[in-house]
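Participant: Once you've had a glance at the structure underneath, I'll fire off some questions.
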Amino acid sequence: MCCPKHVALQAASIRSALVLANLFASSLCIAIDAAVSGTKVLDNIVIPNADNVRGYLHLPTELPAYPGVYIHWKSSHPDVVSDRPRGRIAAGVVKLPPVHSDAVTAHLTACLEDGGYRPLCRQFPVTVQPSVDFAQFSRYAMTNFARSNSNIGQQVYFATSVGNDPTAWVATNDEGDRFFLIATDLNVDGVEYGWKDWDWAQSGASRYIEVWESDDLRNWSQQRHVLVSPEEAGMTYAPEAIWDPEIGAFVVFWTSSMYPKGTHYSSDKSDPNGRYPLTGGQTFYSTTWDFVNSSPAKVMTTRTGHGTLDPVIIPDGKGYYQRIVSDRNSTGVNLTWYGLPCDSEDLYQERARSVLAQPDEWQLVATRITHRTMNTTYAEGPLVFKANAADLRGKGYYMYADQKWAGSPSGEFMEKQYQPYWTADVGNPDWQPMNWKQKPDYNLSLGVIRHGHIWSLTAAEHAAIRGTNLRSSNIIPPQEARLQHWRVSRP
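Under mature numbering (1 follows the signal peptide of the UniProt record, and there is no 0), the letters of the sequence shown match residues -29 to -1, 1 to 462, in that order.
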(Lines of atoms letter the chains of each structure in order from A and count residues from 1; the text may use other names and numbers.)
(Lines give C-alpha, C1' and ligand atoms only; values in the text may rest on other atoms or scores of the structure.)
Protein backbone atom coordinates (compact mmCIF):
# COMPACT_ATOMS: atom_id res chain seq x y z
CA MET A 1 0.00 0.00 0.00
CA CYS A 2 1.41 3.38 -1.06
CA CYS A 3 1.76 6.08 1.46
CA PRO A 4 -0.18 9.30 0.87
CA LYS A 5 3.06 11.14 0.31
CA HIS A 6 4.05 8.75 -2.48
CA VAL A 7 0.61 9.01 -4.05
CA ALA A 8 0.85 12.77 -4.00
CA LEU A 9 4.28 12.70 -5.59
CA GLN A 10 3.08 10.29 -8.27
CA ALA A 11 0.08 12.48 -9.05
CA ALA A 12 2.34 15.51 -9.22
CA SER A 13 4.62 13.67 -11.63
CA ILE A 14 1.66 12.79 -13.84
CA ARG A 15 0.43 16.40 -13.74
CA SER A 16 3.93 17.63 -14.59
CA ALA A 17 4.14 15.23 -17.51
CA LEU A 18 0.77 16.43 -18.78
CA VAL A 19 1.83 20.05 -18.42
CA LEU A 20 5.08 19.36 -20.26
CA ALA A 21 3.18 17.52 -22.97
CA ASN A 22 0.77 20.44 -23.34
CA LEU A 23 3.64 22.90 -23.41
CA PHE A 24 5.38 20.84 -26.08
CA ALA A 25 2.19 20.64 -28.14
CA SER A 26 1.61 24.37 -27.75
CA SER A 27 5.22 25.11 -28.68
CA LEU A 28 4.91 22.88 -31.71
CA CYS A 29 1.71 24.65 -32.78
CA ILE A 30 3.32 28.04 -32.26
CA ALA A 31 6.34 26.95 -34.27
CA ILE A 32 4.11 25.66 -37.07
CA ASP A 33 2.02 28.86 -37.00
CA ALA A 34 5.19 30.94 -37.00
CA ALA A 35 6.55 29.04 -39.97
CA VAL A 36 3.26 29.48 -41.84
CA SER A 37 3.18 33.21 -41.00
CA GLY A 38 6.81 33.60 -42.03
CA THR A 39 6.11 31.89 -45.33
CA LYS A 40 3.21 34.30 -45.90
CA VAL A 41 5.49 37.26 -45.21
CA LEU A 42 8.06 36.03 -47.71
CA ASP A 43 5.37 35.21 -50.27
CA ASN A 44 4.17 38.82 -50.09
CA ILE A 45 7.53 40.27 -51.09
CA VAL A 46 7.52 41.39 -54.72
CA ILE A 47 10.45 42.80 -56.70
CA PRO A 48 8.99 44.53 -59.79
CA ASN A 49 10.72 43.89 -63.14
CA ALA A 50 13.09 41.40 -61.50
CA ASP A 51 14.02 39.98 -64.91
CA ASN A 52 14.79 43.42 -66.36
CA VAL A 53 16.43 45.61 -63.71
CA ARG A 54 17.53 49.06 -64.88
CA GLY A 55 17.51 51.08 -61.67
CA TYR A 56 17.43 50.95 -57.88
CA LEU A 57 15.40 48.21 -56.20
CA HIS A 58 13.14 48.40 -53.18
CA LEU A 59 14.17 45.78 -50.60
CA PRO A 60 11.56 46.03 -47.81
CA THR A 61 12.69 45.53 -44.24
CA GLU A 62 9.12 45.02 -43.02
CA LEU A 63 5.61 44.75 -44.44
CA PRO A 64 2.65 46.72 -43.00
CA ALA A 65 0.47 43.59 -42.88
CA TYR A 66 3.00 41.86 -40.59
CA PRO A 67 4.10 44.37 -37.93
CA GLY A 68 7.06 43.36 -35.82
CA VAL A 69 8.46 40.95 -38.40
CA TYR A 70 11.76 42.21 -39.81
CA ILE A 71 13.36 41.17 -43.08
CA HIS A 72 17.12 40.94 -43.60
CA TRP A 73 18.67 40.90 -47.08
CA LYS A 74 21.81 39.33 -48.50
CA SER A 75 23.05 39.92 -52.05
CA SER A 76 25.18 37.44 -53.97
CA HIS A 77 26.65 40.43 -55.84
CA PRO A 78 26.69 43.39 -53.41
CA ASP A 79 28.83 45.29 -55.90
CA VAL A 80 25.90 45.10 -58.35
CA VAL A 81 22.93 45.22 -55.93
CA SER A 82 23.70 46.49 -52.44
CA ASP A 83 22.17 44.79 -49.40
CA ARG A 84 23.00 47.44 -46.79
CA PRO A 85 21.92 51.09 -46.47
CA ARG A 86 24.42 53.86 -47.14
CA GLY A 87 23.51 56.86 -45.01
CA ARG A 88 20.04 58.05 -46.08
CA ILE A 89 20.09 55.80 -49.15
CA ALA A 90 18.40 52.46 -48.55
CA ALA A 91 19.72 49.06 -49.63
CA GLY A 92 18.96 48.10 -53.21
CA VAL A 93 21.33 50.49 -54.96
CA VAL A 94 22.04 49.06 -58.41
CA LYS A 95 25.28 49.53 -60.32
CA LEU A 96 24.70 48.57 -63.93
CA PRO A 97 27.35 46.38 -65.61
CA PRO A 98 29.63 48.09 -68.17
CA VAL A 99 28.41 49.06 -71.63
CA HIS A 100 28.26 46.14 -74.10
CA SER A 101 28.75 43.57 -71.34
CA ASP A 102 26.32 40.78 -70.51
CA ALA A 103 23.49 41.19 -68.04
CA VAL A 104 24.30 40.02 -64.50
CA THR A 105 22.02 37.78 -62.45
CA ALA A 106 22.23 38.46 -58.73
CA HIS A 107 20.47 36.40 -56.09
CA LEU A 108 18.85 38.40 -53.31
CA THR A 109 18.00 36.39 -50.22
CA ALA A 110 15.36 37.66 -47.80
CA CYS A 111 15.46 36.08 -44.34
CA LEU A 112 13.45 36.64 -41.19
CA GLU A 113 13.56 35.30 -37.66
CA ASP A 114 9.94 34.34 -37.03
CA GLY A 115 9.04 33.42 -33.45
CA GLY A 116 12.66 32.71 -32.60
CA TYR A 117 12.51 29.12 -33.84
CA ARG A 118 14.34 28.92 -37.14
CA PRO A 119 15.31 31.34 -39.88
CA LEU A 120 13.00 31.43 -42.89
CA CYS A 121 14.45 32.58 -46.19
CA ARG A 122 13.42 33.11 -49.80
CA GLN A 123 15.67 33.81 -52.75
CA PHE A 124 14.89 36.31 -55.51
CA PRO A 125 16.95 36.14 -58.72
CA VAL A 126 17.21 39.52 -60.45
CA THR A 127 18.70 40.24 -63.87
CA VAL A 128 20.55 43.56 -64.05
CA GLN A 129 20.86 44.97 -67.56
CA PRO A 130 24.14 46.56 -68.74
CA SER A 131 24.71 50.29 -69.02
CA VAL A 132 24.19 52.08 -72.31
CA ASP A 133 26.13 54.77 -74.11
CA PHE A 134 24.32 58.08 -73.74
CA ALA A 135 24.30 60.09 -76.91
CA GLN A 136 23.90 63.87 -76.78
CA PHE A 137 20.34 65.06 -76.38
CA SER A 138 19.25 66.77 -79.57
CA ARG A 139 15.45 66.52 -79.65
CA TYR A 140 12.45 66.80 -77.32
CA ALA A 141 9.34 64.77 -76.53
CA MET A 142 6.08 66.00 -75.04
CA THR A 143 3.20 64.21 -73.39
CA ASN A 144 0.06 66.04 -72.30
CA PHE A 145 -3.70 66.23 -72.53
CA ALA A 146 -5.39 68.54 -75.01
CA ARG A 147 -8.83 69.90 -74.14
CA SER A 148 -10.83 70.02 -70.91
CA ASN A 149 -14.31 70.09 -72.40
CA SER A 150 -14.17 66.95 -74.52
CA ASN A 151 -13.68 63.32 -73.58
CA ILE A 152 -11.23 62.64 -76.41
CA GLY A 153 -9.22 65.69 -75.38
CA GLN A 154 -8.58 64.20 -71.95
CA GLN A 155 -6.50 61.31 -73.21
CA VAL A 156 -2.70 61.19 -72.94
CA TYR A 157 -1.10 62.52 -76.14
CA PHE A 158 2.47 62.32 -77.40
CA ALA A 159 4.41 64.65 -79.69
CA THR A 160 7.99 65.04 -80.89
CA SER A 161 9.84 68.25 -81.68
CA VAL A 162 10.77 69.40 -85.15
CA GLY A 163 14.53 69.35 -84.79
CA ASN A 164 16.07 70.75 -81.62
CA ASP A 165 13.29 73.28 -81.05
CA PRO A 166 10.66 72.74 -78.31
CA THR A 167 8.29 75.31 -79.82
CA ALA A 168 7.77 73.27 -83.00
CA TRP A 169 6.03 69.91 -82.76
CA VAL A 170 4.38 67.10 -84.67
CA ALA A 171 1.97 64.61 -83.12
CA THR A 172 3.55 61.17 -82.94
CA ASN A 173 1.94 58.06 -84.23
CA ASP A 174 2.88 57.10 -80.95
CA GLU A 175 17.82 52.86 -74.66
CA GLY A 176 18.49 53.38 -71.40
CA ASP A 177 16.55 53.23 -68.17
CA ARG A 178 12.87 52.78 -67.51
CA PHE A 179 10.41 55.60 -68.17
CA PHE A 180 7.41 56.28 -65.95
CA LEU A 181 4.30 58.21 -66.95
CA ILE A 182 2.02 59.42 -64.14
CA ALA A 183 -1.26 61.28 -64.47
CA THR A 184 -4.18 62.72 -62.52
CA ASP A 185 -7.27 60.54 -62.15
CA LEU A 186 -9.81 63.14 -63.26
CA ASN A 187 -12.11 63.63 -66.24
CA VAL A 188 -14.10 66.86 -66.12
CA ASP A 189 -16.37 65.89 -69.01
CA GLY A 190 -17.51 62.36 -68.18
CA VAL A 191 -20.00 61.25 -65.53
CA GLU A 192 -18.90 57.68 -66.25
CA TYR A 193 -15.62 58.67 -64.60
CA GLY A 194 -17.45 59.92 -61.51
CA TRP A 195 -17.66 63.62 -62.41
CA LYS A 196 -20.23 65.65 -60.43
CA ASP A 197 -19.17 69.30 -60.20
CA TRP A 198 -16.15 71.43 -59.30
CA ASP A 199 -16.89 71.35 -55.58
CA TRP A 200 -16.78 67.55 -55.79
CA ALA A 201 -13.58 67.71 -57.84
CA GLN A 202 -11.85 69.46 -54.93
CA SER A 203 -13.45 67.73 -51.94
CA GLY A 204 -14.56 64.24 -52.97
CA ALA A 205 -12.55 63.31 -56.04
CA SER A 206 -9.98 60.58 -56.53
CA ARG A 207 -7.13 59.79 -54.14
CA TYR A 208 -5.41 57.81 -56.90
CA ILE A 209 -2.96 58.50 -59.70
CA GLU A 210 -2.55 56.61 -62.97
CA VAL A 211 0.81 54.99 -63.76
CA TRP A 212 2.36 53.49 -66.91
CA GLU A 213 5.94 52.41 -67.53
CA SER A 214 8.10 51.67 -70.56
CA ASP A 215 11.63 50.63 -71.44
CA ASP A 216 11.66 52.25 -74.88
CA LEU A 217 8.99 55.01 -74.97
CA ARG A 218 7.10 52.97 -77.54
CA ASN A 219 5.62 50.04 -75.66
CA TRP A 220 3.78 50.96 -72.49
CA SER A 221 2.58 48.80 -69.64
CA GLN A 222 -0.98 48.26 -68.56
CA GLN A 223 -2.45 51.28 -66.77
CA ARG A 224 -2.18 51.03 -62.98
CA HIS A 225 -4.68 52.79 -60.70
CA VAL A 226 -2.58 53.60 -57.62
CA LEU A 227 -3.78 54.90 -54.24
CA VAL A 228 -1.46 57.61 -52.88
CA SER A 229 -3.46 60.17 -50.87
CA PRO A 230 -4.83 59.77 -47.32
CA GLU A 231 -8.55 59.41 -46.58
CA GLU A 232 -8.86 63.06 -45.60
CA ALA A 233 -7.71 64.27 -49.05
CA GLY A 234 -10.29 65.85 -51.33
CA MET A 235 -8.38 65.21 -54.55
CA THR A 236 -5.00 64.28 -56.01
CA TYR A 237 -3.96 66.79 -58.68
CA ALA A 238 -1.03 67.16 -61.06
CA PRO A 239 1.40 64.45 -59.86
CA GLU A 240 5.07 65.09 -60.62
CA ALA A 241 8.23 63.10 -59.88
CA ILE A 242 11.89 64.02 -59.46
CA TRP A 243 14.91 61.88 -58.61
CA ASP A 244 16.43 62.87 -55.27
CA PRO A 245 20.09 61.77 -55.04
CA GLU A 246 20.16 62.52 -51.30
CA ILE A 247 17.84 59.60 -50.57
CA GLY A 248 18.39 57.54 -53.74
CA ALA A 249 14.70 57.52 -54.66
CA PHE A 250 12.04 59.29 -56.68
CA VAL A 251 10.00 61.91 -54.86
CA VAL A 252 6.44 61.87 -56.22
CA PHE A 253 4.47 64.98 -55.25
CA TRP A 254 0.98 66.31 -55.92
CA THR A 255 -1.68 68.75 -54.69
CA SER A 256 -4.43 67.77 -52.24
CA SER A 257 -6.96 69.72 -50.20
CA MET A 258 -7.41 68.25 -46.72
CA TYR A 259 -10.58 67.90 -44.63
CA PRO A 260 -11.44 66.66 -41.12
CA LYS A 261 -11.57 62.92 -40.55
CA GLY A 262 -15.04 61.42 -41.01
CA THR A 263 -16.22 64.08 -43.47
CA HIS A 264 -17.27 63.54 -47.08
CA TYR A 265 -18.33 65.44 -50.18
CA SER A 266 -21.96 66.54 -50.08
CA SER A 267 -23.97 68.69 -52.46
CA ASP A 268 -25.87 69.87 -49.38
CA LYS A 269 -23.76 72.69 -47.97
CA SER A 270 -25.58 72.45 -44.64
CA ASP A 271 -24.54 68.81 -44.13
CA PRO A 272 -22.63 68.80 -40.80
CA ASN A 273 -20.32 66.09 -42.13
CA GLY A 274 -19.91 67.68 -45.53
CA ARG A 275 -16.69 69.16 -46.83
CA TYR A 276 -17.70 72.77 -47.03
CA PRO A 277 -16.29 75.35 -47.27
CA LEU A 278 -13.56 74.13 -49.59
CA THR A 279 -9.97 74.29 -48.33
CA GLY A 280 -6.78 75.48 -50.00
CA GLY A 281 -4.34 73.11 -51.66
CA GLN A 282 -1.29 71.58 -49.98
CA THR A 283 1.62 69.72 -51.53
CA PHE A 284 2.02 66.09 -50.50
CA TYR A 285 4.78 63.67 -51.40
CA SER A 286 5.77 60.03 -51.26
CA THR A 287 9.11 58.40 -52.06
CA THR A 288 9.43 55.39 -54.34
CA TRP A 289 12.11 53.38 -56.12
CA ASP A 290 9.94 51.60 -58.66
CA PHE A 291 6.46 53.22 -58.64
CA VAL A 292 5.14 50.09 -56.96
CA ASN A 293 6.52 50.37 -53.42
CA SER A 294 6.42 53.70 -51.59
CA SER A 295 6.62 55.53 -48.29
CA PRO A 296 3.42 56.88 -46.66
CA ALA A 297 2.24 60.23 -47.97
CA LYS A 298 3.56 63.26 -46.07
CA VAL A 299 3.10 67.01 -46.34
CA MET A 300 5.78 68.65 -48.47
CA THR A 301 4.44 72.21 -48.29
CA THR A 302 1.58 73.80 -46.41
CA ARG A 303 1.40 77.51 -45.64
CA THR A 304 -1.24 78.91 -43.31
CA GLY A 305 -3.31 81.52 -45.12
CA HIS A 306 -2.08 80.50 -48.58
CA GLY A 307 -2.95 77.86 -51.14
CA THR A 308 -0.66 75.99 -53.51
CA LEU A 309 -1.37 74.19 -56.77
CA ASP A 310 0.61 72.25 -59.39
CA PRO A 311 4.23 72.65 -58.20
CA VAL A 312 7.11 71.57 -60.43
CA ILE A 313 10.77 71.22 -59.33
CA ILE A 314 14.03 71.29 -61.30
CA PRO A 315 17.72 71.39 -60.23
CA ASP A 316 19.51 74.51 -61.46
CA GLY A 317 23.03 73.05 -61.54
CA LYS A 318 24.23 75.59 -58.96
CA GLY A 319 23.29 73.77 -55.78
CA TYR A 320 19.63 74.78 -55.64
CA TYR A 321 16.32 73.26 -56.60
CA GLN A 322 13.93 75.71 -58.24
CA ARG A 323 10.20 75.23 -57.65
CA ILE A 324 7.46 76.97 -59.64
CA VAL A 325 3.97 76.96 -58.10
CA SER A 326 0.51 78.28 -58.92
CA ASP A 327 -0.48 80.84 -56.26
CA ARG A 328 -4.04 79.53 -55.92
CA ASN A 329 -6.10 81.47 -53.37
CA SER A 330 -9.65 81.34 -54.77
CA THR A 331 -10.27 77.88 -53.27
CA GLY A 332 -10.36 78.16 -49.49
CA VAL A 333 -11.30 80.73 -46.86
CA ASN A 334 -9.47 84.02 -46.33
CA LEU A 335 -6.48 82.95 -48.41
CA THR A 336 -4.05 85.57 -49.70
CA TRP A 337 -1.24 85.64 -52.24
CA TYR A 338 2.01 84.07 -51.16
CA GLY A 339 3.86 86.16 -53.70
CA LEU A 340 3.21 89.83 -54.43
CA PRO A 341 -0.46 90.88 -54.69
CA CYS A 342 -1.68 90.38 -58.23
CA ASP A 343 -4.82 90.92 -60.31
CA SER A 344 -4.82 87.22 -61.13
CA GLU A 345 -3.80 83.88 -59.69
CA ASP A 346 -0.33 83.55 -61.14
CA LEU A 347 2.90 81.58 -60.77
CA TYR A 348 5.71 82.22 -58.33
CA GLN A 349 9.19 80.69 -58.11
CA GLU A 350 11.18 79.69 -55.02
CA ARG A 351 14.39 77.81 -54.29
CA ALA A 352 15.92 75.52 -51.66
CA ARG A 353 19.04 73.40 -51.23
CA SER A 354 17.21 70.06 -51.30
CA VAL A 355 14.07 68.54 -52.79
CA LEU A 356 12.64 67.73 -49.36
CA ALA A 357 13.60 71.01 -47.69
CA GLN A 358 11.25 72.27 -44.98
CA PRO A 359 8.62 74.83 -46.09
CA ASP A 360 10.44 77.71 -44.35
CA GLU A 361 13.69 76.82 -46.16
CA TRP A 362 12.25 77.75 -49.57
CA GLN A 363 13.23 81.29 -50.56
CA LEU A 364 11.04 83.35 -52.88
CA VAL A 365 12.76 84.10 -56.22
CA ALA A 366 10.10 85.55 -58.53
CA THR A 367 6.37 86.34 -58.48
CA ARG A 368 3.69 87.33 -61.02
CA ILE A 369 5.67 85.47 -63.64
CA THR A 370 3.08 85.40 -66.44
CA HIS A 371 0.95 88.40 -65.45
CA ARG A 372 4.00 90.67 -65.55
CA THR A 373 4.63 90.07 -69.25
CA MET A 374 1.28 88.92 -70.68
CA ASN A 375 -1.33 90.35 -68.31
CA THR A 376 -2.73 86.88 -67.72
CA THR A 377 -5.96 86.36 -65.81
CA TYR A 378 -4.98 82.91 -64.53
CA ALA A 379 -2.03 80.48 -64.70
CA GLU A 380 -1.49 76.93 -63.44
CA GLY A 381 0.17 73.62 -64.38
CA PRO A 382 3.70 74.90 -65.14
CA LEU A 383 6.36 72.68 -66.66
CA VAL A 384 10.03 73.61 -66.77
CA PHE A 385 13.05 71.96 -68.39
CA LYS A 386 16.63 72.69 -69.34
CA ALA A 387 17.48 73.35 -72.98
CA ASN A 388 19.53 70.75 -74.81
CA ALA A 389 23.21 71.46 -75.40
CA ALA A 390 22.68 72.30 -79.06
CA ASP A 391 19.29 73.98 -78.68
CA LEU A 392 18.58 76.68 -81.24
CA ARG A 393 18.40 79.29 -78.48
CA GLY A 394 21.59 78.25 -76.74
CA LYS A 395 21.91 77.71 -73.00
CA GLY A 396 18.85 78.35 -70.90
CA TYR A 397 15.55 77.02 -69.62
CA TYR A 398 12.01 76.76 -70.94
CA MET A 399 8.80 77.07 -68.98
CA TYR A 400 5.29 76.39 -70.24
CA ALA A 401 2.34 77.83 -68.30
CA ASP A 402 -1.26 76.68 -68.66
CA GLN A 403 -2.86 80.11 -68.70
CA LYS A 404 -5.59 82.47 -69.87
CA TRP A 405 -4.97 85.97 -71.17
CA ALA A 406 -6.69 88.65 -73.20
CA GLY A 407 -5.18 87.54 -76.50
CA SER A 408 -5.68 83.83 -75.92
CA PRO A 409 -6.64 81.97 -79.12
CA SER A 410 -9.38 80.18 -77.20
CA GLY A 411 -11.86 81.90 -74.96
CA GLU A 412 -14.06 78.90 -74.23
CA PHE A 413 -14.84 77.94 -70.66
CA MET A 414 -12.01 76.02 -69.00
CA GLU A 415 -9.86 76.29 -72.10
CA LYS A 416 -6.65 77.64 -70.72
CA GLN A 417 -3.65 76.51 -72.74
CA TYR A 418 0.12 76.26 -72.72
CA GLN A 419 2.20 79.34 -73.41
CA PRO A 420 6.01 78.92 -73.73
CA TYR A 421 8.55 81.12 -71.91
CA TRP A 422 12.34 81.34 -71.94
CA THR A 423 15.06 82.48 -69.54
CA ALA A 424 18.83 82.22 -69.83
CA ASP A 425 19.28 81.68 -66.07
CA VAL A 426 16.66 79.74 -64.10
CA GLY A 427 18.29 80.77 -60.81
CA ASN A 428 17.92 84.48 -61.64
CA PRO A 429 14.99 84.27 -64.03
CA ASP A 430 13.64 86.72 -66.54
CA TRP A 431 10.82 84.65 -68.03
CA GLN A 432 9.92 86.05 -71.44
CA PRO A 433 6.98 84.76 -73.51
CA MET A 434 7.63 83.11 -76.87
CA ASN A 435 5.52 82.10 -79.84
CA TRP A 436 4.74 78.56 -80.86
CA LYS A 437 6.20 77.82 -84.27
CA GLN A 438 4.05 74.75 -84.78
CA LYS A 439 1.65 73.01 -82.43
CA PRO A 440 1.02 69.28 -82.62
CA ASP A 441 -2.21 68.63 -84.49
CA TYR A 442 -3.98 66.32 -82.07
CA ASN A 443 -7.40 64.99 -83.00
CA LEU A 444 -10.13 67.54 -82.22
CA SER A 445 -7.81 69.59 -80.02
CA LEU A 446 -8.26 72.70 -82.19
CA GLY A 447 -4.76 73.83 -81.30
CA VAL A 448 -5.30 73.67 -77.54
CA ILE A 449 -2.40 72.13 -75.58
CA ARG A 450 -2.67 71.71 -71.82
CA HIS A 451 -0.94 70.16 -68.75
CA GLY A 452 1.95 67.88 -69.60
CA HIS A 453 5.68 67.28 -69.55
CA ILE A 454 8.59 67.83 -71.94
CA TRP A 455 11.85 65.91 -71.78
CA SER A 456 15.04 65.55 -73.82
CA LEU A 457 15.66 62.80 -76.39
CA THR A 458 18.59 61.48 -78.33
CA ALA A 459 18.23 61.35 -82.11
CA ALA A 460 17.73 57.58 -81.90
CA GLU A 461 14.99 57.88 -79.28
CA HIS A 462 13.33 60.60 -81.35
CA ALA A 463 13.38 58.36 -84.43
CA ALA A 464 12.11 55.40 -82.43
CA ILE A 465 9.08 57.30 -81.12
CA ARG A 466 8.34 58.76 -84.55
CA GLY A 467 8.39 55.27 -86.02
CA THR A 468 5.65 53.84 -83.81
CA ASN A 469 1.93 53.72 -84.40
CA LEU A 470 0.87 55.14 -81.04
CA ARG A 471 -0.58 58.63 -81.27
CA SER A 472 -2.18 58.71 -77.85
CA SER A 473 -2.46 56.42 -74.85
CA ASN A 474 -6.15 55.99 -74.12
CA ILE A 475 -7.11 56.27 -70.50
CA ILE A 476 -9.57 53.66 -69.32
CA PRO A 477 -12.10 54.11 -66.49
CA PRO A 478 -10.48 53.52 -63.09
CA GLN A 479 -12.71 50.52 -62.40
CA GLU A 480 -11.22 48.83 -65.48
CA ALA A 481 -7.59 49.68 -64.67
CA ARG A 482 -5.42 47.38 -62.62
CA LEU A 483 -6.14 48.47 -59.06
CA GLN A 484 -2.99 48.76 -57.03
CA HIS A 485 -2.27 50.17 -53.61
CA TRP A 486 1.37 51.11 -53.43
CA ARG A 487 3.07 48.71 -51.08
CA VAL A 488 3.79 51.15 -48.31
CA SER A 489 7.02 50.88 -46.37
CA ARG A 490 8.72 53.09 -43.85
CA PRO A 491 10.86 55.87 -45.42
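No residue lacks a Cβ here, since even glycine has one placed at the ideal position from N, Cα and C.
Assuming contact is defined by CB atoms lying nearer than 8 Å, are P282 and R294 in contact in what I supplied?
Facilitator: In the sequence shown, counting from the first residue as 1, residue 282 sits at position 311. In the sequence shown, counting from the first residue as 1, residue 294 sits at position 323. Yes.
Participant: Nearest-angstrom Cα distance between G310 and L335?
Facilitator: Position 339 of the sequence shown holds residue 310. Position 364 of the sequence shown holds residue 335. Each residue's alpha carbon lies about 8 Å from the other.
Participant: Looking only at C-alpha atoms, which of M113, S297, L13, L83 sits nearest to R437?
Facilitator: Along the sequence shown, read from residue 1 onward, the residue named residue 437 stands at position 466. R437 has its Cα closest to that of M113, out of M113, S297, L13, L83.
Participant: Alpha carbon to alpha carbon, how far is S325 from N346? Give it in angstroms, no decimals.
Facilitator: Your numbering for residue 346 matches position 375 in the sequence shown. Your numbering for residue 325 matches position 354 in the sequence shown. So the alpha carbons of these two residues sit roughly 32 Å apart.
Participant: Relative to the C-alpha of T302, which candidate in Q320, S228, H235, N264 has its C-alpha closest?
Facilitator: Taking the first residue of the sequence shown as 1, we reach residue 302 at position 331. Per the Cα distances, S228.
Participant: If we ignore side chains and look at the alpha-carbon of each, how far apart do E181 and S109 end up?
Facilitator: Stepping through the sequence shown from its first residue, residue 181 is reached at position 210. Stepping through the sequence shown from its first residue, residue 109 is reached at position 138. Distance between the alpha carbons of E181 and S109: 29 Å.
Participant: On the DSSP letters alone, give me the boundaries of the alpha helix (DSSP H) that Q173 sits inside.
Facilitator: The count along the sequence shown starts at 1 and reaches residue 173 at position 202. Taken as a continuous stretch (DSSP letters only), the alpha helix (DSSP H) holding Q173 covers 169 to 174.
Participant: Since L30 and A62 should fall inside the 8 Å C-beta cutoff, what is the C-beta to C-beta distance between them, to a whole number of angstroms?
Facilitator: In the sequence shown, the residue the question calls residue 30 occupies position 59. In the sequence shown, the residue the question calls residue 62 occupies position 91. Confirmed, about 5 Å.
Participant: Touch check for the segment 31 to 48 and the segment 10 to 17: three-plus C-beta pairs under 8 Å?
Facilitator: They touch, by the three-pair rule.
Participant: Restricting to Cα atoms, I'd like to know which of Y371, H71, D242, A106 is closest to T394.
Facilitator: Working through the sequence shown from its first residue, we reach residue 394 at position 423. Ranking the options by Cα distance to T394, first place goes to Y371.
Participant: Hey, could you find the ends of the alpha helix (DSSP H) R437 is sitting in?
Facilitator: Walking along the sequence shown from the start, residue 437 turns up at place 466. R437 -> alpha helix (DSSP H) spans 430 to 437.
Participant: By alpha-carbon positions, which one of K269, P216, G245 ends up nearest to P286?
Facilitator: The count along the sequence shown starts at 1 and reaches residue 286 at position 315. Ranking K269, P216, G245 by Cα distance to P286 puts P216 first.
Participant: Is it right to say H78 is buried, meaning 16 or more other beta carbons lie within 10 angstroms of its own, or is it exposed?
Facilitator: For the purposes of this step, residue 78 is identified with residue 107 of the sequence shown, where counting begins at 1. Under this definition H78 is an exposed residue.
Participant: With burial defined as no fewer than 16 other Cβ atoms inside 10 Å of the residue's Cβ, what is the status of D396: buried or exposed?
Facilitator: On the sequence shown, position 425 is the one that residue 396 refers to. D396 is exposed by the Cβ-count criterion.
Participant: At which residues does the alpha helix (DSSP H) containing T344 begin and terminate?
Facilitator: In the sequence shown, residue 344 corresponds to position 373, counting from 1. First-last of the alpha helix (DSSP H) with T344: 342 to 345.
Participant: Could you tell me the alpha carbon to alpha carbon distance between G276 and V270, rounded to whole angstroms?
Facilitator: Within the sequence shown, numbered from 1, the residue matching residue 276 stands at position 305. Within the sequence shown, numbered from 1, the residue matching residue 270 stands at position 299. Distance between the alpha carbons of G276 and V270: 16 Å.
Participant: Pick from V103, V304, D168, E211: whose alpha carbon is nearest that of F151?
Facilitator: As a position in the sequence shown, residue 151 is number 180, starting the count at 1. Measuring from the Cα of F151, the nearest candidate turns out to be E211.
Participant: Out of R246, T429, G251, which one is the CA nearest neighbour of G278?
Facilitator: Here residue 278 refers to the residue found at position 307 when the sequence shown is read from its first residue. With distances taken between Cα atoms, G278 lies closest to G251.
Participant: If I'm right that K232 touches G398 with Cβ under 8 Å, what's the distance once you round it to whole angstroms?
Facilitator: Walking along the sequence shown from the start, residue 232 turns up at place 261. Walking along the sequence shown from the start, residue 398 turns up at place 427. About 41 Å separates the two Cβ atoms, so there is no contact after all.
Participant: Do E203 and Y230 have their C-beta atoms within less than 8 Å of each other?
Facilitator: Translated into the one-based positions of the sequence shown, residue 203 becomes position 232. Translated into the one-based positions of the sequence shown, residue 230 becomes position 259. A contact, by the Cβ cut-off of 8 Å.
Participant: By Cβ distance below 7 Å, which residues in the same chain neighbour Y41 in space, the five residues on each side in sequence not counted?
Facilitator: Position 70 of the sequence shown, counted from the start, is the residue given in the question as residue 41. Counting only Cβ-Cβ distances below 7 Å, and skipping sequence neighbours, we find T32, E33, L83.
Participant: Which term fits D168, buried or exposed, when burial requires 16 or more other beta carbons within 10 angstroms of its beta carbon?
Facilitator: Taking the first residue of the sequence shown as 1, we reach residue 168 at position 197. D168 is exposed by the Cβ-count criterion.
Participant: Give me the Cβ distance between P411 and W140, rounded to the nearest whole Å; I'm assuming they're in contact under 8 Å.
Facilitator: If you number the sequence shown from 1, residue 411 lands on position 440. If you number the sequence shown from 1, residue 140 lands on position 169. Confirmed, about 4 Å.
Participant: For P391 versus T131, is the C-beta spacing smaller than 8 Å?
Facilitator: Indexing the sequence shown from 1 puts residue 391 at position 420. Indexing the sequence shown from 1 puts residue 131 at position 160. Taking 8 Å as the Cβ cut-off, P391 and T131 do not qualify as a contacting pair.
Participant: Going by other Cβ atoms of all chains shown within 10 Å of its Cβ, with 16 needed for buried, is A154 buried or exposed?
Facilitator: For the purposes of this step, residue 154 is taken as residue 183 along the sequence shown, with counting starting at 1. So A154 counts as buried.
Participant: If you compare alpha carbons, which of T10, A81, P96 is closest to A21?
Facilitator: Here residue 21 corresponds to residue number 50 of the sequence shown, with the count starting at 1. If we check each option's Cα against that of A21, P96 comes out closest.
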